[in-house]
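In our numbering, the protein residues as written are 9 to 330. For each residue, glycine too, the CB sits at the ideal point set by N, CA and C. Data block below; observations after.
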Ligand code: ZN
């Protein structure tokens, strides 16, 4: 029986989520440290190393109980070498994350994109329920994604596979996206996109609960839209239907290509739950091949913010036990 523990690390622009997890994916403990972006982020690996060993002292366990570290990072990554070409939020340019962390901790390290690891986490211990063919979509301030085929993350030739947020939903006349294009799915189905579409629709039709909120607060959030939709507000329902049309179409096109068993929707927007699923299923079923739709279940992510660290541990565990 393997009684080793693993470390999962999820590096974000303001905090680094850390967890110690056993071989079955059960959380021993989790905590956060601030991301020190000073000096182009060069202190981060030392911070992570210290945090791990302090935690093991606290738990009264030897370092030898740890078998490896899985790390999720933002930006452009070489997954083979764990080399970060560029991570704007952190300040890294050409940063050898895996090498640095391995030297400092003396443990094997694997690095992957944070959205991919969230998909693996949901596959292993969350809503994916062990499904080996899975599509994960994260609807937050942006739209992220991970594609798992036969139990493996699809990386593509230079690590860009799964950039679901930048599928073009509107070929002409779309809103500008952070990536430099216009009309990306992210400009529609992210929390920011939903709020933007709602504001535009309310400005055209002032007789609704949603417009009363806009007048009172001066701006709308995605949560306002779902709250009003749950009260049967007509405009809010129209916004959700428009968003779910584009999201359902994009997901159906992807599903026709990879034939997933589970489609897991995560991120802040997924808290909308049933109302989101209902509208999404309606559009998905229109554009997915009947046999593809039959095989796929759209479901809400269950691991929340822990998905990344759990997926990171799954990946390092696979690597070590290969
Ligand atoms: Zn884009």
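Residue 217 sits in a helix when the DSSP states are folded into three classes. In this structure, residue 254 has its beta carbon at no less than 8 Å from each heavy atom of the ligand ZN. Under the DSSP assignment, residue 298 falls in the alpha helix (DSSP H) whose first and last residues are 298–303.
According to the DSSP assignment, residue 45 belongs to no alpha helix (DSSP H), since it is labelled neither H nor E. The alpha carbon of residue 217 has as its nearest neighbour, out of 239, 230, 204, the alpha carbon of 239.
Near the ligand ZN, meaning a Cβ closer than 5 Å to any of its heavy atoms, lie the following residues in chain order: 174, 185, 187, 189, 192. Between the alpha carbons of residue 153 and residue 257 lies a distance of about 15 Å. Boundaries around residue 201 are those of the alpha helix (DSSP H), 199–212, since no beta strand (DSSP E) includes it. Its Cα nearest to that of residue 35, the residue 320 stands out among 320, 204, 245. Taking C-beta atoms as the reference points, residue 31 and residue 44 fail to come closer than 9 Å.
Listed in chain order, the non-local C-beta contacts of residue 110 below 8 Å within the same chain comprise 116, 117, local neighbours out to five positions each way being set aside.
In this structure residue 71 touches residue 64 by the C-beta definition: roughly 6 Å separates them, less than 8 Å. By the Cβ criterion, the segment 121–132 is in contact with the segment 301–317, since at least three pairs of Cβ atoms, one from each stretch, lie closer than 8 Å. For residue 266, the enclosing alpha helix (DSSP H) covers residues 242–266. Cβ contact annotation for residue 210 (same chain, cutoff 8 Å, sequence separation greater than five): 216, 218, 219, 222, 228, 243, in chain order. Of the candidates 53, 300, 184, the residue whose Cα lies closest to the Cα of residue 114 is 53.
In the three-state DSSP reduction, residue 137 falls in the coil class, being neither helix nor strand. For residue 39, the number of other beta carbons within 10 angstroms of its own is below 16, and it is reported as exposed. In the pairwise beta carbon analysis, the segment 274–284 is classified as touching the segment 141–158: at least three pairs are separated by under 8 Å. For residue 54, the enclosing alpha helix (DSSP H) begins and ends at 52–66. At a cut-off of 3 residues, the continuous stretches assigned as beta strand (DSSP E) that sit fully inside the segment 139–163 are 142–147, 151–157. Cβ contact annotation for residue 232 (same chain, cutoff 6 Å, sequence separation greater than five): 221, in chain order.
Around the CB of residue 131, 16 or more other CB atoms lie within 10 Å, so the residue is classed as buried. Beyond the five residues adjoining it in sequence on each side, residue 236 comes within less than 8 Å, by CB distance, of 216, 217, 218, 221, 243, 244 in the same chain, given in chain order.
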